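So that you can map any letter, position 323 of the sequence shown is 323 in full-length UniProt numbering, and since no number is skipped, the others follow by simple counting. Here the structure is laid out as structure tokens; the discussion comes afterwards.
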Amino acid sequence: MRAEEALKYFQIEGAVEQIAPFGLGHINDTYIVRTSEGEYLLQQVNTQVFKKPEVLEQNIARVVQKFPKLFPAQLKATENRYHLIGQDFCWRMQAFMSDTYSPNEVKSEAETRAVASGYAQMMAAFVTEDASNYELPIPRFHDLNWRLEQLDDAINTNFSNRLEGSKTELEGINSFRWVAEKMDELIAEGLPLRLCHNDTKTGNILLNKADKSFAKVIDLDTLGPGYVLNDYGDIMRSLFTIAPENEADHTKIVVRPAYLDILKEEFQSLLAQKLTPIELQTLEFGGLCMTYITAIRFFTDYLNGDIYYKTSFDKENLVRAKNQLRLLELMKDYVD
1 MRAEEALKYF QIEGAVEQIA PFGLGHINDT YIVRTSEGEY LLQQVNTQVF KKPEVLEQNI
61 ARVVQKFPKL FPAQLKATEN RYHLIGQDFC WRMQAFMSDT YSPNEVKSEA ETRAVASGYA
121 QMMAAFVTED ASNYELPIPR FHDLNWRLEQ LDDAINTNFS NRLEGSKTEL EGINSFRWVA
181 EKMDELIAEG LPLRLCHNDT KTGNILLNKA DKSFAKVIDL DTLGPGYVLN DYGDIMRSLF
241 TIAPENEADH TKIVVRPAYL DILKEEFQSL LAQKLTPIEL QTLEFGGLCM TYITAIRFFT
301 DYLNGDIYYK TSFDKENLVR AKNQLRLLEL MKDYVD
């Protein structure tokens, strides 16, 4: 189904004047739709990745109705649903908030505080929810053991014959397998499952252009049961350095401790009385977990022939994996 056809099923105002690609998402395709009455965002969900769009509908409908101040208002499609779902397609739509922006690169302490505050507010709301009422759209999404199993399968298959030239990266990944063992220990000790966002990079927050304050949390595809340390850890990973994930010059991957201090302050101020002791004590370990998972996923996708993440140049997923391994080394020193 083309974007022009999908639009017919949503309750928008005005005549359509323009449809154009929008944003830098790895997985889904997003379009800005301009009409005579306003602007909207139309998104085509990648059903090769999100194979159960009904789960997206159930999860997202529940949180946007229960916590409307935290998330952008979604437009209804047919049958009073937020997603237009058919065989091999899934579309959704929301109003475009032109007075906001998404900080893919956080460059100031003010932006850092707003991002940290927004995600802390979200988690403070989510701890009131029963995680068992939600389903993970991608099963075992942050399961380190599963990600390592996928990597081992990719190594054994060596589908794209790329293993021989990437032994150094494989050694780096193997040297951090203790992170998965530590995570297993924490779960055995009673780390609680919570409703989580599960993709808390800085680009999934909207800030107000006028004063850089928090506006909304976006990109709820991965919403479902998880661990607070993973949500915290992905924010930490995003704030740790200004270098993008595909930066090949590792001298540019430097720590920003002031930003990490702000993140810690915001979470402690809103969540110190809401989380359990084991959650509060392991927040920064989440940075190691999420950086390790990200390195594994990039490297696995590289070995499999770049079938999951979009790439813009040759060996980009290998560059990304190297980048995250360097970040992991720096983060270990910081957490220790």
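All residues carry an ideal CB built from backbone N, CA and C; glycine is no exception. If you're wondering where the values come from, they're calculated on a predicted model, not measured in any experiment.
Exercise for the section: Tell me the start and end of each unbroken beta strand (DSSP E) in the region 166–224 that is at least 3 residues and wholly inside, in chain order. Expected result: 194–196, 205–208, 214–217
Exercise for the section: Return the Cβ separation of residue 303 and residue 175 in integer angstroms, given the expectation that the two are a contact with Cβ distance under 8 Å. Expected result: That pair is no contact at about 18 Å.
Exercise for the section: On a CA-only basis, which of 96, 69, 228, 240 is nearest residue 291? Give me that one, please. Expected result: 240
Practice task
Could you give the DSSP three-state label for residue 54: helix, strand or coil?
Solution key: helix
Practice task
Please report the residue range of the beta strand (DSSP E) in which residue 95 lies.
Solution key: 89–95
Handout entry: Boundaries of the alpha helix (DSSP H) in which residue 40 is found, first to last residue
Key = It is not in any alpha helix (DSSP H) - residue 40 instead sits in the beta strand (DSSP E) that spans 39–44.
Problem - Contact check, residue 287 vs residue 233, beta carbons under 8 Å - result: yes
Exercise for the section: Let me know the secondary structure DSSP gives residue 295 once reduced to three states. Expected result: helix
Problem - Three-state class that DSSP yields for residue 61 in the structure shown - result: helix
Exercise for the section: For residue 226, name the three-state secondary structure that DSSP assigns. Expected result: strand
Problem - Nearest-angstrom Cα separation, counted from residue 330 out to residue 14 - result: 51 Å
Handout entry: Sub-8 Å separation of residue 209 and residue 72 beta-carbons
Key = no
Exercise for the section: Could you work out which residue in 228, 221, 168 is closest to residue 194 when comparing CA atoms only? Expected result: 228
Practice task
Just the C-alpha distance for residue 108 and residue 156, rounded to the nearest angstrom, thanks.
Solution key: 44 Å
Problem - Contact under 8 Å by Cβ, residue 93 with residue 41 - result: yes
Problem - residue 317 and residue 301 closer than 8 Å at C-beta - result: yes
Handout entry: Bridge partners - residue 301, DSSP secondary structure assignment
Key = In DSSP, residue 301 forms no bridge with anything.
Exercise for the section: Evaluate residue 24 with the Cβ neighbour count: other Cβ atoms within 10 Å of its Cβ, from every protein chain shown; 16 or more gives buried, anything less gives exposed. Expected result: exposed
Problem - Alpha-carbon to alpha-carbon, residue 230 and residue 213 - result: 24 Å
Practice task
Taking residue 20 as part of the beta strand (DSSP E), name the residues at either end of that continuous run.
Solution key: 16–21
Handout entry: According to DSSP, residues forming a beta bridge with residue 83
Key = 92
Exercise for the section: Find the nearest neighbour of residue 32 within the set 307, 12, 267, judged by alpha-carbon distance. Expected result: 12
Exercise for the section: Tell me, please, whether the region 77–87 touches the region 124–134 by the rule of three or more beta-carbon pairs shorter than 8 Å. Expected result: no
Exercise for the section: Figure out for me which residue from 147, 50, 7 has the closest Cα to the Cα of residue 221. Expected result: 50
Exercise for the section: Would you grab the beta carbon distance between residue 59 and residue 223 for me? Rounded to a whole angstrom, and I think it's under 8 Å. Expected result: 5 Å
Handout entry: Where residue 313 falls, given that 16 or more other Cβ within 10 Å makes a residue buried
Key = exposed
Problem - Minimum C-alpha distance to residue 273 - residue among 166, 260, 127, 299 - result: 127
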